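What follows is a set of notes on a single structure, which appears directly below.
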Amino acid sequence: MNLNEPRELASLLEAFLLASGKPQSLERLYELFEEGERPEPAVFKKALTVLGKSCDNRAFELKEVASGYRLQIREKFAPWVGRLWEERPQRYSRALLETMALIAYRQPITRGEIEDVRGVAVNSNIVKTLLEREWIRIVGYRDVPGKPAMFATTKAFLDHFNLKNLDDLPPLADLREMEAEPMLEFDDAPVPAHLQALADASIEQGPDAEPEAPRDETSFRSLLTELDTMEQGLKTDFDDLLLDEADKESELEDEPADDEDPR
0 MNLNEPRELA
10 SLLEAFLLAS
20 GKPQSLERLY
30 ELFEEGERPE
40 PAVFKKALTV
50 LGKSCDNRAF
60 ELKEVASGYR
70 LQIREKFAPW
80 VGRLWEERPQ
90 RYSRALLETM
100 ALIAYRQPIT
110 RGEIEDVRGV
120 AVNSNIVKTL
130 LEREWIRIVG
140 YRDVPGKPAM
150 FATTKAFLDH
160 FNLKNLDDLP
170 PLADLREMEA
180 EPMLEFDDAP
190 VPAHLQALAD
200 ASIEQGPDAE
210 PEAPRDETSF
220 RSLLTELDTM
230 EQGLKTDFDD
240 LLLDEADKES
250 ELEDEPADDE
260 DPR
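Numbering (numbering that gives the first Met the number 0), first residue to last: 0 to 262.
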């Protein structure tokens with residue numbers, strides 16, 4: 000095999016990525032070659048370009064994410080590919096969506112700052128779940144009384160949502176203008192077209208829950224589109240409706256009851 004020929008090298012890189020099942024950085028791919036057979040960097044990059052173009056009109060694509068390159072099923076095939084697994088898909092809770100989005104867009108951010116924006120307390124299980132999945136990490140401590148931990152997203156978060164870096168996050172203004180895609184019934188379609196089963200069940204099931212079946216990747220845009228659908232328009236301040244409901248309850252308490260005894 001002529002490893003200095005981009006087309007032949009592309010086939011070998013394809014084999015590496017298919018066998019690995021996870022993103023591989025350029026450095027890691029270089030390490031797979033012996034010192035004397037290692038291709039020139041320019042040839043290496045050309046081979047990746049050839050491999051990417053060879054995926055045109057195929058069911059899979061070459062995708063560069065934060066941790067490197069990987070071959071993955073195209074998202075448009077998700078409704079059908081998901082039927083390979085019989086498990087009922089798990090959905091994100093609204094609280095987890097809001098917490099994760101706030102960390103992604105306003106990092107580094109403390110738990111108290113998240114609660115200030117949302118207007119309600121953050122469930123400890125949400126933070127625990129995000130930490131256990133390695134989607135967020137502690138990057139420091141705010142120099143205020145109590146020294147609260149500051150959270151930020153990780154490479155694993157970027158990989159999971161098909162992002163190369165934080166610049167790939169969709170603008171919130173664009174998301175508000177998007178028309179919500181029609182939701183598929185989970186009983187009829189195990190994996191919705193716009194949202195993969197990404198496992199938020201640990202909030203209810205606990206950290207010992209069974210791991211989810213293998214799945215193709217989704218995008219963070221799809222994740223926030225789900226939140227947009229749930230709230231009929233994503234807001235940058237993530238206003239909570241609890242205050243409005245409390246006002247309504249207060250008004251009802253002030254009204255005289257119809258069945259009140261006049262005596």
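In this text, a Cβ means the ideal position worked out from N, Cα and C, and glycines have one as well. Quantities reported herein were computed from a predicted structural model and do not represent experimental measurements.
To test your reading of the DSSP string, which unbroken alpha helix (DSSP H) runs of 4 or more residues are found completely within the stretch 79-146? 93-105, 110-117, 123-131
From this set, Ser24, Ala148, Met0, which residue's C-alpha is nearest Lys163's C-alpha? Ser24
Three-state secondary structure (DSSP) at Lys52? helix
What is the rounded straight-line gap between the Cα of Glu13 and the Cα of Glu33? 18 angstroms
Measuring alpha carbon to alpha carbon, tell me which of Gly111, Lys62, Leu8, Met149 ends up nearest Thr39. Going by the sequence as given, residue 39 is Glu instead of Thr. Measuring from the Cα of Glu39, the nearest candidate turns out to be Leu8.
For the beta strand (DSSP E) holding Arg69, just list the boundary residues, first then last. 67-72
Start-to-end residues for the beta strand (DSSP E) that takes in Phe59: 59-64
Judging by CA-CA distance, which residue of Arg132, Leu129, Thr128, Ala151 is the nearest neighbour of Gly139? Ala151
Can you name, in chain order, every residue of its own chain whose Cβ lies under 7 angstroms from the Cβ of Leu50, other than the five neighbours on each side? Ala9, Leu12, Glu13, Leu61
Could you name the residues that DSSP lists as bridge partners for Phe150? Ile108, Ile137
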